[in-house]
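Counting in numbering that gives the first Met the number 0, the final residue of the sequence shown is number 326, and the numbers go up one at a time with none missing. Glycine included, C-beta positions come from ideal geometry on N, C-alpha and C. Below you'll find the structure, written out as structure tokens, and then a few comments.
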Amino acid sequence: MERTLTQVGNWVARRRLELRLDAAEVARTANVDPKTLASLEKGERWPRDRSRASIENALGWATGSLAAIRAGGDPTAIASKAKPAPLAEAEPAGPKRSSVVDYSALIAALAVDAEDLLDLGRNIDTLIDTNIDVDDTDEVENLVGEVETLISDVDSLVTDIDEFVDVVNNYAKKIVGIDRLQRMKRETRRFRRGQILQQYGPGLNVGSHETSTETKEARHGVANKTQPDAQAEGNEVKEAGPPVGGADRRSHSEANSRSDRDLPGTDNPANSPKTGGSATKSGDQPVPSEVAAAAMTDAELKQAAASDPLWADYIQTKRPELVDWDF
Numbered sequence: 000m001e002r003t004l005t006q007v008g009n010w011v012a013r014r015r016l017e018l019r020l021d022a023a024e025v026a027r028t029a030n031v032d033p034k035t036l037a038s039l040e041k042g043e044r045w046p047r048d049r050s051r052a053s054i055e056n057a058l059g060w061a062t063g064s065l066a067a068i069r070a071g072g073d074p075t076a077i078a079s080k081a082k083p084a085p086l087a088e089a090e091p092a093g094p095k096r097s098s099v100v101d102y103s104a105l106i107a108a109l110a111v112d113a114e115d116l117l118d119l120g121r122n123i124d125t126l127i128d129t130n131i132d133v134d135d136t137d138e139v140e141n142l143v144g145e146v147e148t149l150i151s152d153v154d155s156l157v158t159d160i161d162e163f164v165d166v167v168n169n170y171a172k173k174i175v176g177i178d179r180l181q182r183m184k185r186e187t188r189r190f191r192r193g194q195i196l197q198q199y200g201p202g203l204n205v206g207s208h209e210t211s212t213e214t215k216e217a218r219h220g221v222a223n224k225t226q227p228d229a230q231a232e233g234n235e236v237k238e239a240g241p242p243v244g245g246a247d248r249r250s251h252s253e254a255n256s257r258s259d260r261d262l263p264g265t266d267n268p269a270n271s272p273k274t275g276g277s278a279t280k281s282g283d284q285p286v287p288s289e290v291a292a293a294a295m296t297d298a299e300l301k302q303a304a305a306s307d308p309l310w311a312d313y314i315q316t317k318r319p320e321l322v323d324w325d326f
């Protein structure tokens, strides 16, 4: 009895899950458009002969297996494979497969690392000991030879790195998409800059550009009041009038103190898993998924996005209403 396209799609989806492959891997191995595979698994469209043969090969089936399934028969395995699970366990490809980990953020981070590596390669320290006797012809010739060899080696290295960066970027564009990759690169770099500022400048407000002397004084006003002459300084400030913006020293300092405490990655007990707060470091975050997101409040989701590029991309894609920053 001939099977419907939906039934054939269920066979394909079941086989893919049986081999522990996601739709992107099968499409990449078969060298077909992911939409072609998705349409087949959903029972929407019967692929062309060449695409069918490629998909069959990627699934470990002999050529003609899809036609055999549609005709009511069974596929022919190329090698010994596990017996397919019941049709009820089949799951079509598509955006509903939220349990599959999205490695797009990791791929984007790899592309950023590759580009940084290229920048380093172009600034390699080419220091050579030039403390020689310039009157000694042999030493001069040896030095010239060392310089030429080093220049050649560096040029070759930069060329290799350049090719490596091209490979990584081309791969990332195919997997993630050009526009999304550029956005995720910017987010990854911004996230890393924030980590560096938190590590080496714990007193800095990462989101602030205030650098004036008055602002710095206001930010440390509360701490300065503990000094012996704090009372006298307080009187001078009162006579001189409020700082820039009309805010008093204490409120401005406390506002910045709260801002610093709310930064992802700072040692705030409220943000520590031990005190029941939501974890903010990527090592303590669950893998982004609908199940994990459903157990978190909007505030926790925003905090996770600020500390983990994987969560940032998930929220940008799945919960755009929570996004309140510009990429």
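By the 10 Å Cβ neighbour count, where 16 or more other Cβ atoms means buried, how is Arg-19 classified, buried or exposed? Residue 19 sits at position 20 when you count from the first residue of the sequence shown. Exposed, by the Cβ-count rule.
Just mark Pro-352 as buried or exposed, buried being the case when its beta carbon has 16 or more other beta carbons within 10 Å. Residue numbering for the chain in the displayed model covers 0 to 326; residue 352 lies beyond these limits and cannot be assessed.
Distance, Asn-30 Cα to Ala-23 Cα: For the purposes of this step, residue 23 is identified with residue 24 of the sequence shown, where counting begins at 1. For the purposes of this step, residue 30 is identified with residue 31 of the sequence shown, where counting begins at 1. Whole-angstrom Cα-Cα distance: 10 Å.
Assess contact between the region 101-112 and the region 178-196, defined as three or more Cβ pairs (one per stretch) separated by less than 8 Å. Is contact present? yes
Roughly how many angstroms lie between the CA atoms of Arg-191 and Ile-106, to the nearest whole one? Position 192 of the sequence shown, counted from the first residue, corresponds to residue 191. Position 107 of the sequence shown, counted from the first residue, corresponds to residue 106. Distance between the alpha carbons of Arg-191 and Ile-106: 15 Å.
Does DSSP put Trp-60 in a helix, in a strand, or in coil? Sequence index remark: in the sequence shown, residue 60 carries index 61 (1-based). Trp-60 falls in the strand class under three-state DSSP.
Quick one: grab the DSSP three-state call for Ala-294. Here residue 294 refers to the residue found at position 295 when the sequence shown is read from its first residue. Three-state result, Ala-294: coil.
Roughly how many angstroms separate the alpha carbons of Ser-64 and Leu-156, rounded to a whole number? Counting from one through the sequence shown, the residue named residue 64 turns up at place 65. Counting from one through the sequence shown, the residue named residue 156 turns up at place 157. Answer to the nearest angstrom: the Cα atoms are 48 Å apart.
What did DSSP end up calling Ser-288 once you bin it into helix, strand or coil? What you label residue 288 is simply residue 289 of the sequence shown in a count that begins at 1. Coil at Ser-288, not helix or strand.
Give the range of the alpha helix (DSSP H) segment to which Ala-70 is assigned. Taking the sequence shown and counting its residues from 1, one reaches residue 70 at position 71. No alpha helix (DSSP H) contains Ala-70, which DSSP labels as neither H nor E.
Nearest-angstrom beta carbon gap, Arg-69 and Glu-17 [assumed within contact, 8 Å]: Taking the first residue of the sequence shown as 1, we reach residue 17 at position 18. Taking the first residue of the sequence shown as 1, we reach residue 69 at position 70. The Cβ separation is near 19 Å, so there is no contact.
Determine which residues share a DSSP beta bridge with Ala-311 and list them. As a first step, residue 311 must be located in the sequence shown, where it is residue number 312. Answer by DSSP bridge pairing: none, since Ala-311 is not bridged.
Residues sharing a beta bridge with Ala-76, DSSP: As a first step, residue 76 is located in the sequence shown; it is residue number 77 there, counting from the start. The partner list for Ala-76 (beta bridge, DSSP) reads Trp-60.
Secondary structure of Val-40, DSSP reduced to three states: Your numbering for residue 40 matches position 41 in the sequence shown. Before going further, note that residue 40 is Glu rather than Val in the sequence given. If DSSP states are grouped into helix, strand and coil, Glu-40 belongs with the helices.
C-beta atoms of Asp-312 and Ser-38 nearer than 8 Å: One-based indexing of the sequence shown puts residue 312 at position 313. One-based indexing of the sequence shown puts residue 38 at position 39. Not in contact: Asp-312 and Ser-38 (Cβ atoms no closer than 8 Å).
Is Gly-176 helix, strand or coil when you go by DSSP? For the purposes of this step, residue 176 is identified with residue 177 of the sequence shown, where counting begins at 1. Note: Gly-176 maps to coil in three-state DSSP.
Which residues mark the beginning and the end of the alpha helix (DSSP H) in which Trp-10 is found? In the sequence shown, the residue the question calls residue 10 occupies position 11. Residues 4-17.
Count the other CB atoms, across all protein chains shown, that sit within 10 Å of the CB of Gln-302; report buried if there are 16 or more and exposed otherwise. The residue you call residue 302 lines up with position 303 of the sequence shown. With 16 or more other Cβ atoms within 10 Å, it is buried.
Can you grab the Cα-Cα spacing for the pair Ala-57 / Ala-171, in whole Å? Residue numbering aside, residue 57 sits at position 58 when the sequence shown is read from its first letter. Residue numbering aside, residue 171 sits at position 172 when the sequence shown is read from its first letter. If I take the Cα positions, the gap works out to 21 Å.
Please list the terminal residues of the continuous alpha helix (DSSP H) segment that includes Arg-27. Taking the sequence shown and counting its residues from 1, one reaches residue 27 at position 28. Taken as a continuous stretch (DSSP letters only), the alpha helix (DSSP H) holding Arg-27 covers 22-29.
Between Asp-178 and Glu-40, what straight-line distance do the alpha-carbon atoms span, to the nearest angstrom? In the sequence shown, the residue the question calls residue 178 occupies position 179. In the sequence shown, the residue the question calls residue 40 occupies position 41. Asp-178 and Glu-40: Cα-Cα distance of roughly 27 Å.
For a test of the three-state rule: what should DSSP assign to Glu-1, helix, strand or coil? As a position in the sequence shown, residue 1 is number 2, starting the count at 1. Residue state, collapsed to three classes: coil.
Quick check on Arg-192: does DSSP put it in helix, strand or coil? Here residue 192 refers to the residue found at position 193 of the sequence shown. Looking at Arg-192 - three-state DSSP - the assignment turns out to be helix.
Distance between Pro-74 and Arg-14 (C-alpha atoms, nearest Å): As a first step, residue 14 is located in the sequence shown; it is residue number 15 there, counting from the start. As a first step, residue 74 is located in the sequence shown; it is residue number 75 there, counting from the start. Arg-14 and Pro-74: Cα-Cα distance of roughly 10 Å.
Quick check: Leu-330 and Trp-45, are their CB atoms within less than 8 Å of each other? Outside the shown range of the chain (0 to 326) lies residue 330, about which nothing can therefore be said.
On the criterion of 16 or more Cβ atoms from any shown chain inside 10 Å, does Asn-141 qualify as buried, or is it exposed? Locating residue 141 in the sequence shown gives position 142, counting from the first residue. Under this definition Asn-141 is an exposed residue.
Going by other Cβ atoms of all chains shown within 10 Å of its Cβ, with 16 needed for buried, is Ala-292 buried or exposed? Position 293 of the sequence shown holds residue 292. Result: buried.
Please name the residue in Gly-72, Thr-28 and Ile-314 whose C-alpha comes closest to that of Ala-298. Start at 1 with the first residue of the sequence shown, and residue 298 comes out as number 299. Per the Cα distances, Ile-314.
Excluding the 5 residues preceding and the 5 following Pro-287 in the sequence, name in chain order all residues of the same chain whose CB lies nearer than 6 Å to its CB. Within the sequence shown, residue 287 is the residue found at index 288, counting from 1. Within the same chain, Pro-287 has close Cβ partners Leu-309, Trp-310 and Tyr-313.
Euclidean distance between Cα positions of Val-164 and Asp-154: In the sequence shown, the residue the question calls residue 164 occupies position 165. In the sequence shown, the residue the question calls residue 154 occupies position 155. Roughly 15 Å separates the two Cα atoms.
Separation of Ile-160 from Leu-356, as counted between CA atoms: No answer is possible for residue 356: the residues shown for the chain start at 0 and end at 326.
Measuring only the C-alpha atoms, how far is Trp-10 from Gly-42? Here the question's residue 10 lines up with position 11 in the sequence shown. Here the question's residue 42 lines up with position 43 in the sequence shown. Approximately 10 Å between the Cα atoms of the pair.
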